[in-house]
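One structure below.
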Amino acid sequence: MMRRLLWLLVLGALALGPAAAQKTLVVAVEGGIDTFDPAFSVGSTPTQTVSANVFETLIRPKIVTRTAPDGTTYQTVDMEKLVGQLALVWAFDENDPNTVIFHLRRGVRYHSGTPFNADAVILGMRRIFETKSITTFLVGMGGAVTSADQFKKIDDYTVALTMKQGNTLTLKNLTIYNAAPVDPADIKAHATEKDPWALDWFKKNLGSGTGPYLLESYVPGDRIVLRANPDYYLGPPKIQRVVMKIVPDPAQRVLLLRTGAVDMANQVPVRELDGLKRIPFLKILSLPTTNQDRLMMNNAIAPFDNKLVRKAVAYAIPYELIIKQVYRGYARVPVGPIEDGMPTSDPSAWPYRYDPEKAKALLAQAGYPGGKGLPPIKLSIRIGNEEQEREAVIVQDALSKIGMKVAIEKLPFATFNELQQGGKLQLFIDDWISWVNDPYYHMFWNFHSKSPTNYVRYKNAEVDAIIDTYMLSRDEAARAEASRKAQRIIADDAPQVYLASPNFNVVLNKKVTGYIYFNDTLTRFFYMDKTP
Amino acid sequence: MRVIRYVLRRTALLIPVLLGTLFIAFFLTRILPGNPIDRVAGPYISQEKREAMKHEARLDLPFYQQFALYLSDLLTRGDMGTSYTTAQPVTKDLIQRFPATFELVAYGMGLAVLLALPLGVISALNKDSPIDHAGRVIAVVGVSVPVFWLGLVLLYVFFLKLGWVPPPIGRLPPTMSPPPHVTGLYTLDALLAGQWETFRAALSALILPSVTLAVTAMAPLARMTRSAMVEALASEYVRAARALGLPRRVLLWDYAFRNALVPILTIFAGVFGYALGGVVLVEFVFSWPGLGQYTLNAILASDFPAIQGAILLVTTVYVVIYLLLDLAVATIDPRVEV
């Protein structure tokens, strides 16, 4: 407590002192924080952004430069190349192909002053596993890592991880910020008998991390302020303060950008982008992603339990129209179950183009000529997603042209989530982006019959077998071959239809530089700068 | 003495009212599909872990048991639970959000009264004249213009085009820290702390949202003022007073207006209470971190503890406003006994 007071005094002095020299980045965000615990943060984007800037993982994907379809170059990450973060280097053990050795960075301290070392990693992993937090389910894929005991301290700065089978997917999963080891001092100070891992404290308070930023203040509903960590081991961040201003109305986020009141915003409605392009001091990064808007047909509910009906739907959708009318070109026509940009994506596997005649024929073949005999169909969407609401209208219109009458139902997101989770929605639109850019990660969560996020209840023993066999394989050629085979099988079953692959749009003041697109779409402020 | 007893009796009546609303809130949130856990848990977590989280949040219990446990926490520890959307105790959230809304509504209603009373009185004095018709038009526009649209138009004109007011970015500019917390009303706290800069910023941030609110709130007030004044001016006691040759000022204010004040106050209390619960659209447009937005988010996320807390608070305020109204009416009108 005393320490915190002292900090406040120092902060106050700093704030009054050389305030003019401070670089502050003001970002308009759409909501507040729903948990401070990095191990459990999945909810709102601001929640995740705070976690990703305060806490760090052992390894991260490499930063690379790519070229967007419109010719601009941008920086992003390549998940196929993992580099060290808190671990300086990592390598598979020469004597044991199932073991990975992490050589930790020396001299790293948590914001509280606690030294970072192998003990901190082991304790952090125990917390992750014993509380069954998100990472458990990610590194548990294929049974690769099921217990914290698989992490072993070799010496103070060396940790070994022994997996069921040596593979890179598990390592990719460890780059997600949920796997960050939290400060042992925080666990110790706030653990209680009933709550040995201080879950309650971590939920309500931001613990100390090793990352480039720490929390200066949080006024719920109003703002989240991050302050640079001056002792960061890669050097102090160039932006000293990040004010994440909560602006729930997208129209106001646009207004604030136009007037220069904020330096950056994402989640800007696509219909505003053309207008913002004309503002001389703004720049828009419209980056291709593997994100997909999907028309989800519950494979267990009639009439979508019939493969022919699903195929008919796949031929009935005017894909180009959606890209043009809903996304105004800020999206790409999706290529199939594994989107372009993810390794092994095979566009030739997905035959569906807009062809209403074929759709009608397939529907007749399914036993519903002209839509006769179809049960009532409800198309459910989340309230508040402007693009998906428009997609729903286009889908409704397109399906009515082949004789399929569809009623649109808008649901609050909590209601939508519960029904989706329970497999109770018949036909719905959602979106998905795989944070780990790996085909087996993507296929497991979406197409494996045992996955909790297989919301369409797709079930194909052959696909399950391919995923189970190759998920943890290190034979890259065989893994890729099997992935292409799985894509053909999935295409033939057509369990879902892909409506659009929206770009990720960031609007920045031209003064702001150094933005890097990560697969998790979260902004890392450390790499950014702002010219006066 | 009598007044104190009256206040106590009314306060006691608050208990069944609150219990009743709370019960309805509990019932409604739980019969609808949707629970707070799915969002907090995220998609990857297994069904077992999800069930465990529900158990921990007591959501697996029957509804009446949840209700009983909530009441016992509330009464023994003042604990309203923890919000799922902000991760903070609901009590803390409400203490933070309510002053924001109250400040906005107080300024908005203050402005509405300043505009509506003169407008109503002038209309009544010039009944069926062009001034009266103009007043009627203003009132009709006030009730029929959608509040978010009005907010957007005002922003477009006064912020974007003229640049007279600060951006719709909440109660203070993003780089300015709030004044030391005393009441939670930024303008008042800034004055108490002697921070003129902060006071000016907080006040200018209040201008557009409170004008937006005032325009919609003043319509019913102005209409009621007009009709109450018209009625009072046509009454026999005013005619008698006029026959006695009392000065116009005394006639107008001490006789007519004082009598008209009772229905005006009643409407005022209703509009005030309504505004407290209904500023959500104004808050949304102006990124105002108030209770309305908090409740809206809570409802969309099925954040049960937050919904219950907000309903309890708004109900209490509503009842208190009506209690104050009754006391005020008793002061104005000697015929009314408490």
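Protein chains in written order, with numbering that gives the first Met the number 0: chain A, 0 to 531; chain B, 0 to 337.
We put the CB at the ideal spot given by N, CA and C, even for glycine.
Small disclaimer: the values here were computed from a predicted structure and weren't measured.
| Asked | Found |
| --- | --- |
| Quick check: what's the CA-CA separation for B/ALA268 versus B/GLY109? | 12 Å |
| Using a 10 Å radius around the Cβ and a threshold of 16 neighbouring Cβ atoms, would you call A/HIS441 buried or exposed? | buried |
| Verify the contact flag: A/ALA348, CB atom, against every heavy atom of the ligand ATP, threshold strictly below 7 Å. | This structure simply doesn't include the ligand ATP, nor any ligand for that matter. |
| With a threshold of 8 Å between beta carbons, is B/ARG199 in contact with chain A? | no |
| Along the segment 169–185 of chain B, where does the CB come closer than 9 Å to a CB of chain A? Name the residues. | GLY169, ARG170, LEU171, PRO172, PRO173, THR174, SER176, PRO177 |
| Taking the DSSP output, what are the residues bridged to A/SER285? | A/ASN504 |
| For B/ALA138, which option in B/PHE285, B/HIS54, B/VAL214 has the closest C-alpha, if you only look at C-alpha atoms? | B/VAL214 |
| To the nearest angstrom, how far is it from the Cα of A/PRO411 to the Cα of B/PRO288? | 21 Å |
| Check the Cβ of A/LEU137 against every Cβ in chain B and list those closer than 9 Å, keeping chain order. | TYR43 |
| Rounded to the nearest angstrom, what separates A/ALA12 and B/ARG199 at their Cα positions? | Because A/ALA12 carries a pLDDT of 44, less than 50, the predicted location of this residue cannot be relied on, and the following value inherits that uncertainty. Those two C-alpha atoms are separated by around 23 Å. |
| Tell me which residues share the same chain as B/LEU295 and place their Cβ nearer than 6 Å to its Cβ, disregarding the 5 neighbours each side in the sequence. | VAL279 |
| When you compare the CB of B/GLN46 with every CB in chain A, is at least one pair closer than 8 Å? | yes |
| Please report the straight-line C-alpha distance between A/GLY369 and A/ARG309, rounded to a whole angstrom. | 15 Å |
| Let me see if you follow: with CB-CB separation under 8 Å, is A/THR151 close to chain B or not? | Note that residue 151 of chain A is Lys in the sequence shown, not Thr. Not one chain B Cβ lies under 8 Å of A/LYS151. |
| Taking the alpha-carbon positions, what's the B/ASP332 to B/VAL2 distance? | 15 Å |
| DSSP three-state call for A/ARG293: helix, strand or coil? | strand |
| What's the call for B/PRO15, buried or exposed, on a 16-neighbour Cβ count within 10 Å? | exposed |
| Going straight from the alpha carbon of B/PHE285 to that of B/PRO166, what length do you get? | 8 Å |
| Measuring alpha carbon to alpha carbon, tell me which of A/LYS509, A/VAL496, A/THR520, A/TYR514 ends up nearest A/PHE503. | A/THR520 |
| Could you check how far apart the C-beta atoms of A/ALA227 and A/PHE54 are, in whole angstroms? I think they sit under 8 Å. | A/ALA227 to A/PHE54, Cβ: 15 Å. No contact. |
| From B/LEU187 to B/VAL270, what does the alpha carbon distance come to, in whole angstroms? | 23 Å |
| What is the DSSP secondary structure of A/GLU215, reduced to helix, strand or coil? | strand |
| Taking 8 Å as the threshold (C-beta atoms), are A/VAL405 and A/LEU378 in contact? | yes |
| What span of residues does the alpha helix (DSSP H) with A/PRO368 cover, start to end? | First-last for A/PRO368: undefined, no H or E at that position. |
| Flag B/PHE283 as yes if its beta-carbon sits less than 8 Å from any beta-carbon of chain A, otherwise no. | yes |
| Using 10 angstroms around the beta-carbon of A/LEU320, count the other beta-carbons present and answer buried if the total reaches 16, otherwise exposed. | exposed |
| If the criterion is Cβ atoms closer than 8 Å, does the pair A/VAL107 and A/LEU160 meet it? | no |
| Just list the residues that DSSP pairs A/VAL25 with in beta bridges. | A/VAL242 |
| Relative to the alpha-carbon of B/GLN95, which residue among B/ALA329, B/GLN292, B/ARG238, B/MET228 has its alpha-carbon at the smallest distance? | B/GLN292 |
| Starting from B/LEU18 and walking both ways along the alpha helix (DSSP H), at which residues does that stretch end? | 1–30 |
| Is there at least one Cβ from chain A nearer than 8 Å to B/TYR83's Cβ? | yes |
| Please state the DSSP three-state secondary structure of A/ILE186. | helix |
| Which residue's Cα is closest to the Cα of A/GLU417: B/THR20, B/LEU27, B/ARG49, B/PRO246? | B/ARG49 |
| What is the rounded straight-line gap between the Cα of B/VAL210 and the Cα of B/GLY141? | 11 Å |
| Enumerate in chain order the residues of its own chain whose CB-to-CB distance from A/GLY16 is below 6 Å, with the five nearest sequence positions on each side excluded. | Reliability fails at A/GLY16, whose pLDDT of 42 lies under 50, so the model's placement of it is uncertain and the value that follows must be treated cautiously. Around A/GLY16: no qualifying Cβ. |
| Thinking B/ALA204 and B/LEU171 are a contact (beta carbons under 8 Å), I'd like their distance in whole angstroms, please. | 6 Å |
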